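**Student:** Position in the sequence shown (first residue = 1) + 285 = my numbering. Can you keep this structure in mind? I'll have questions shortly.
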Amino acid sequence: MREIRGHHLFCMALFAGHGYSQEFVENMAAVIRELEEGESFCLASRQDSVCAACPNLLPDGGCTHGTEDVLARDAAAFQVLGLAPGQEASWEETRSLLQNVTADGFKQVCGGCRWAREGLCSLALLQKQLR
Numbered sequence: 286m287r288e289i290r291g292h293h294l295f296c297m298a299l300f301a302g303h304g305y306s307q308e309f310v311e312n313m314a315a316v317i318r319e320l321e322e323g324e325s326f327c328l329a330s331r332q333d334s335v336c337a338a339c340p341n342l343l344p345d346g347g348c349t350h351g352t353e354d355v356l357a358r359d360a361a362a363f364q365v366l367g368l369a370p371g372q373e374a375s376w377e378e379t380r381s382l383l384q385n386v387t388a389d390g391f392k393q394v395c396g397g398c399r400w401a402r403e404g405l406c407s408l409a410l411l412q413k414q415l416r
């Protein structure tokens with residue numbers, strides 16, 4: 286069963302074909318496709334199926350963009366969505382939870398993220414993607 290970290294639930298809902306590398310983009314698209322087809326996943330707060338193709342992944346499972354920042358985003362995502370690491374979920378259930386994210390909740394998880402700063406990620410885009 287795939288593992289998906291908390292903040293990647295937001296990233297996957299907002300994914301528009303951009304990423305750190307072509308390999309990352311292809312992997313993210315494949316993960317999303319499989320989840321949309323009904324594959325269940327386990328929530329994680331560590332390296333996951335998305336991280337597997339990320340060029341920023343460190344050998345110890347950390348992130349060159351700041352492991353503590355990534356872990357804080359995971360914890361915020363779990364809190365905002367009412368989920369917990371180790372819990373099994375489906376993409377359909379997750380999409381329903383993401384539809385109810387408030388502006389404050391979005392800021393907790395995604396505030397300061399590079400993709401938000403580049404205009405590729407916002408609450409308005411999340412709401413549009415989930416319609």
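The C-beta atom is built at its ideal place from N, Cα and C for all residues, glycine as well. Quick caveat, the model's predicted, so the values are computed rather than measured.
#1: What do you get for methionine 313, buried or exposed, if any count of 16 or more other CB atoms within 10 angstroms of its CB means buried?
#2: With isoleucine 317 and phenylalanine 300 assumed to form a contact (beta carbons below 8 Å), what rounded beta-carbon distance in angstroms separates them?
#3: Considering only the alpha carbon of each residue, which of Ala338, Gly404, Thr349, Arg331 lies closest to valine 310?
#4: Under the DSSP definition of a beta bridge, which residues are partnered with arginine 287?
#5: Does the region 321-335 come within contact of the region 367-387, defined as at least 3 CB pairs closer than 8 Å?
#6: I'd like to know whether the C-beta atoms of histidine 292 and valine 394 end up nearer to each other than 8 Å.
#7: Can you name the start and end residues of the alpha helix (DSSP H) that aspartate 345 belongs to?
**Tutor:** The structure says:
#1: As a working mapping, residue 313 is identified with position 28 in the sequence shown. With 16 or more other Cβ atoms within 10 Å, it is buried.
#2: For this step, residue 317 is matched to residue 32 along the sequence shown. For this step, residue 300 is matched to residue 15 along the sequence shown. Between phenylalanine 300 and isoleucine 317 the Cβ distance is about 6 Å, and since that is below 8 Å, they are a contact.
#3: In the sequence shown, residue 310 corresponds to position 25, counting from 1. The option with the nearest alpha carbon to valine 310 is Ala338.
#4: Residue mapping note: residue 287 aligns to position 2 of the sequence shown, counting from 1. BP columns for arginine 287 point to Phe326.
#5: Per the Cβ contact rule, the region 321-335 is in contact with the region 367-387 (3 or more Cβ pairs under 8 Å).
#6: Reading the sequence shown from its first residue, position 7 is the one you call residue 292. Reading the sequence shown from its first residue, position 109 is the one you call residue 394. In contact: histidine 292 and valine 394 (Cβ atoms closer than 8 Å).
#7: For the purposes of this step, residue 345 is taken as the residue at position 60 of the sequence shown. Run containing aspartate 345: none; DSSP gives neither H nor E here.
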